[in-house]
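Below is one structure, written out as structure tokens; comments come after it.
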Amino acid sequence: MALIVQKYGGTSVANPERIRNLARRVARWKAMGHQIVVVVSAMSGETNRLIALAKEIMPEPDPRELDVMVSTGEQVTIGLTALALMDLGLKAKSYTGAQVRIVTDSAFTKARILNIDDARIRADLDAGNVVVVAGFQGVDEAGNITTLGRGGSDTTGVALAAALKADECQIYTDVDGVYTTDPRVVPDARRLKSITFEEMLELASQGSKVLQIRSVEFAGKYKVKLRVLSSFEEEGEGTLITFEEDDNMEQPIISGIAFNRDEAKVTVLGVPDRPGIAYQILGPIADANIDVDVIIQNVSADGTTDFTFTVHKNELNKTLALLREKVQGHINAREIVGDDKIAKVSVVGVGMRSHVGVASQMFRTLAEEGINIQMISTSEIKISVVIDEKYMELAVRVLHKAFELEEA
Ligand code: ADP
Ligand code: ASP
Ligand code: MG
């Protein structure tokens, strides 16, 4: 007997028929003698609908109140899922994040899980129940409802699997695994049988929405066996996230391409080139709990320089306001400008460690299409470029071809 956590995304619970389908799959696993915990997202489109509703009342909604209402999407689907399981004759119990006690910090709309009380779930499982838990939500120490950021149900699934020491966490979605890139953008993208944890972490952090990055972090930290599968197919092995590179296999240099249209670029023009300036600019941003991604600063020719970095689009206005209010005068910067018409494209692969020339091939491919590179950042296993948003899909397609990632 194994303990398995199955997470179902929005399209997998989009309507009653799909929820019944999910329940039939759970019933099959249960019939094999396994204990099953199900984590569900809201019905597809529901979280967007709720956020839009809030914005009709307040364009930049108060984060605490936003979480109170946005978390309701998952409360609907846990109830429906439990009903569908009962209708098949199974014992089932549903819980919100707060009821389980998935305790998070108080960073509303992007909270982090601190700990999970698994006593209730274990008792229910031992009593023969399928336990259904709302994804994406938790509760802080003070009892406030929190949410874990978009795509956060993945993280609920993996964190529960870690807390329960589950044998496997299965992420059921609308694709049958992790592909070389988003198959919606490149139709001949190829499914990967396995991908290393490191590469998955990099792909997720660079924008591949198939898994939320924090879910991959949890899987790495707690060594959760993690698999991505299709909820629309009966069979299929999906993609396994592995912890070791398989020595027997011929490793491709590049495993995948990720892209991200969610970032915006902020440039502080004409800042003095002196020690401490980066801290003076980014300190107030960090204090406001705003994540900064790519950062570029040049040395100066004339004593002043430009300082550029990216933040989430949702936080562009807040960042600009903060800089203008707290930083600009202080450091005597000429101007602060924002640009939200950018995209970031990244090639990822552990093979980069042992091969040279990946960057030059990437830059040549983009140059041949006349695509201008605005920012570059690299790590040991990835190269990212920031480009004009309107060339993003073209860039992904030509790079996918140039690195020979398509279906053979
Ligand atoms: P769910 O609602 O099940 O969580 P998501 O929409 O969050 O589903 O994630 C699945 C989607 O991720 C796919 O439909 C696909 O368009 C997208 N995606 C992006 N990059 C990849 C990739 N490398 N492999 C597979 N799917 C990807
Ligand atoms: N419903 C949430 C969202 O749309 C969480 C999730 O689907 O994982 O982001
Ligand atoms: Mg998702």
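Residue numbers for the sequence shown follow the working numbering, so the first one is 45 and each next one is one higher.
Quick reminder that beta carbons are idealized off the backbone N, C-alpha and C, glycines included.
Keep in mind it's a predicted model, so treat the numbers as computed, not measured.
Comparing the CB of residue i with every heavy atom of the ligand MG, is any distance shorter than 8 Å?
i	result
K253	yes
Q181	no
Q214	no
Q250	no
T217	yes
Q256	yes
Where does residue i land, buried or exposed, given buried means 16+ other C-beta within 10 angstroms?
i	result
L204	buried
E246	buried
T422	exposed
D111	buried
N59	exposed
Q214	buried
A248	buried
P319	exposed
F353	buried
K209	exposed
K51	buried
L398	The amino acid at residue 398 is misidentified as Leu; the sequence shows Ser. So S398 ends up on the exposed side.
K426	buried
V381	exposed
G54	buried
G195	buried
V402	buried
Run the proximity test for residue i: is its beta-carbon closer than 8 Å to any non-hydrogen atom belonging to the ligand ADP?
i	result
T191	no
L443	no
P227	yes
G54	yes
S85	yes
V389	no
A330	no
L449	no
Please find out if some non-hydrogen atom of the ligand ASP comes closer than 8 Å to the beta-carbon of residue i.
i	result
D198	yes
G141	no
R194	yes
G282	no
G382	no
G264	no
E90	yes
G314	no
E118	yes
Verify the CB distance criterion: does residue i have a CB-CB separation below 9 Å to chain D?
i	result
L192	Checking the listed chains, one finds no chain D in this structure; it contains a single protein chain.
So, do the segment 260 to 272 and the segment 305 to 322 have three or more beta carbon pairs nearer to each other than 8 Å? Using a Cβ-Cβ distance cut-off of 8 Å, the segment 260 to 272 and the segment 305 to 322 are not in contact, since fewer than three pairs of beta carbons, one from each stretch, lie closer than that value.
Of all the alpha helix (DSSP H) runs that stay within the bounds of the segment 375 to 401, which reach a length of 4 or more residues? DSSP runs (the alpha helix (DSSP H)) wholly in the segment 375 to 401: none.
Mind listing, in chain order, the continuous alpha helix (DSSP H) runs of no fewer than 4 residues lying wholly within the segment 174 to 219? If we require 4 residues or more, the alpha helix (DSSP H) runs fully inside the segment 174 to 219 come out as 197 to 207.
Between the segment 409 to 428 and the segment 440 to 451, can you find at least three pairs of beta-carbon atoms closer than 8 Å? At 8 Å Cβ cutoff, the stretches touch.
Fully enclosed by the segment 341 to 375, which alpha helix (DSSP H) runs are 4 residues long or longer? Segments of the alpha helix (DSSP H) lying fully in the segment 341 to 375: 360 to 366, 372 to 375.
Extract the residue ranges of the beta strand (DSSP E) inside the segment 266 to 318, only unbroken runs of 3 or more that lie entirely within it. As far as the segment 266 to 318 is concerned, its whole beta strand (DSSP E) runs of at least 3 residues are 270 to 274, 283 to 286, 300 to 304, 307 to 316.
Validate contact between the segment 235 to 244 and the segment 174 to 181 using beta carbons, cut 8 Å, 3 pairs: The answer is no - the segment 174 to 181 does not touch the segment 235 to 244, with fewer than three Cβ pairs under 8 Å.
Determine, using beta-carbon pairs with one atom in the segment 276 to 291 and one in the segment 365 to 379, whether at least three such pairs fall under 8 Å. The segment 276 to 291 and the segment 365 to 379 do not touch, with fewer than 3 CB-CB distances between them shorter than 8 Å.
Check whether the segment 425 to 436 and the segment 375 to 389 touch, using three or more Cβ-Cβ pairs below 8 Å as the test. The segment 425 to 436, when compared against the segment 375 to 389, does touch it at the 8 Å Cβ threshold.
For the segment 97 to 152, which segments carrying the alpha helix (DSSP H) assignment without a break, of at least 4 residues, lie completely within its bounds, in sequence order? Listed in chain order, the complete alpha helix (DSSP H) runs (minimum 4 residues) inside the segment 97 to 152 are 107 to 114, 116 to 131, 141 to 144.
Three or more C-beta pairs under 8 Å: does that hold for the segment 134 to 145 against the segment 154 to 161? Flag = yes, the segment 134 to 145 and the segment 154 to 161 touch.
Inter-stretch contact at 8 Å, needing at least 3 Cβ pairs: the segment 73 to 85 / the segment 121 to 130: When C-beta atoms of the segment 73 to 85 are compared with those of the segment 121 to 130, three or more pairs fall below 8 Å, so the two segments count as touching.
Okay, do the segment 114 to 126 and the segment 177 to 196 touch, 3+ Cβ pairs below 8 Å being the bar? With three or more CB-CB distances shorter than 8 Å, the segment 114 to 126 counts as touching the segment 177 to 196.
Return the chain-ordered ranges of every beta strand (DSSP E) run that is complete within the segment 235 to 260 and spans a minimum of 3 residues. Listed in chain order, the beta strand (DSSP E) runs fully inside the segment 235 to 260 are 238 to 240, counting runs of at least 3 residues.
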